[in-house]
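Numbering (the numbering used here), first residue to last: 355 to 646.
Notes follow once the structure below has been shown.
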Amino acid sequence: MGYFETILTAHNLEKCPEYLWQIRVTAEEYANLKQLLARQIHIYNRNCSNRFITVRKECVLYIAEFWRREYHEGPHSVQMILDSLGIYVTLELRDEFYESAQRGLKALDLELFEGNGGRRYLDSMLYQGGLPMKLVTGSENGGVWDRFTRGLVNRKVDFEELNLGIVASQSKCLKDYCNQLIIGVESAQFMLMPFYCQNEQDVWYIYLQELAKQEKIRHRQIHPYSLGWEFRIDTVEKKIYSKYVVEGYQNLPEAFLIENRLAHVPFFLFKSERTGKQLTHSIMLKTSVAIR
């Protein structure tokens with residue numbers, strides 16, 4: 355039994371799940387996996403010229419885990435993955451590793467994309483790890499990854515701005531990872547996150563929980579008012595009476611002013627219209643005064 359099967363057994367899995375991120379590999383298992391592959395270059399097998407062929411499943415799993423745990427910048431390449439093992443990489447070694455990983459992907463019957471006239475093996479293996487969490491939780495405020503993550507916790511998944519490769523938007527694996535992350539954040543259950551969390555002190559979990567709280571506050575601020583109405587039917591006079599109620603913040607929140615480009619406008623026009631007979635109320639509201 356190989357180390358891949360050992361990991362599955364440790365997680366009470368009888369077979370490989372649909373996506374590798376569903377295994378929820380621990381930090382210790384990842385460290386052991388890295389050591390295993392680093393040692394593999396010194397193993398000689400006279401019956402096979404490829405040193406990684408006996409650990410092809412482990413190669414795929416490492417690529418997926420590296421992507422989620424360590425990737426933070428640069429083009430996607432086999433070289434960056436082998437560099438993370440801390441070994442001297444020759445062209446021959448790189449080709450052996452990549453060939454074995456491709457065979458591992460096929461052996462596990464995992465999602466494989468095609469694009470630009472060929473199969474996209476590397477992207478397919480990377481996406482098996484889900485999202486690169488260093489970018490998800492560590493990008494500068496206002497950057498593309500920050501916007502993506504804020505959209506994510508608001509159930510708005512958009513891969514278009516991200517430099518994830520041409521097949522990212524096609525990946526069911528990535529979409530399901532995002533959905534599971536949303537479930538974990540919204541339920542505030544660390545065990546439901548799409549990666550291994552030992553407890554509620556996991557740094558990725560804490561970051562996403564805090565971001566979700568910020569986004570809830572911001573959502574209330576950029577939607578500071580609600581309009582409700584009550585109807586009363588007078589069967590004697592055969593009339594319908596309506597009462598409109600506007601509720602919200604006493605003062606317009608700064609987030610609302612910025613979102614609607616009103617930060618430098620001292621007054622703005624508030625209108626209400628009734629369909630049919632025009633009934634328009636125009637009120638000049640100062641941005642700093644109470645309106646309730």
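Backbone N, C-alpha and C fix where the C-beta goes; we use that ideal spot for every residue, glycine too.
This one's a predicted model, so the numbers in the text were calculated from it and none came from an experiment.
query                                                                                                                                               : result
Could you please give the first and the last residue of the uninterrupted beta strand (DSSP E) stretch that includes R509?                          : No beta strand (DSSP E) holds R509; DSSP gives it neither H nor E.
Going by C-alpha distance, which of C532, E412, W375 is nearest R393?                                                                               : E412
If we call anything under 8 angstroms between Cβ atoms a contact, is L374 one with G483?                                                            : yes
Hey, how far is the Cα of I536 from the Cα of I594?                                                                                                 : 44 angstroms
To which residues of the same chain is K488 closer than 6 angstroms at the C-beta, ignoring the five residues directly before and after it?         : H426
By Cβ distance below 8 angstroms, which residues in the same chain neighbour L466 in space, the five residues on each side in sequence not counted? : L459, K460, R473, R474, Y475, S478
Can you give me the C-alpha to C-alpha distance between E514 and V409, rounded to a whole angstrom?                                                 : 35 angstroms
Tell me which residue opens and which closes the alpha helix (DSSP H) that R393 is part of.                                                         : 381-394
With burial defined as no fewer than 16 other Cβ atoms inside 10 Å of the residue's Cβ, what is the status of T589: buried or exposed?              : exposed
Spatial neighbours of A455 within its chain, please: C-beta separation below 7 angstroms, excluding the five flanking residues on both sides.       : R410, C413, V414, I417, M479
Just confirm the distance between the C-beta atoms of F420 and F451, as a whole number of angstroms; I'd bet it's less than 8 angstroms.            : Not confirmed; about 12 angstroms, so no contact.
What are the boundary residues of the alpha helix (DSSP H) that R410 is part of?                                                                    : 410-423
Check the C-beta distance from V379 over to I361 and give it rounded, since I have them as a contact under 8 angstroms.                             : 6 angstroms
Could you check which residue in L390, H430, D463 has the C-alpha nearest to that of I441?                                                          : L390
In this structure, does DSSP put D463 in helix, strand or coil?                                                                                     : coil
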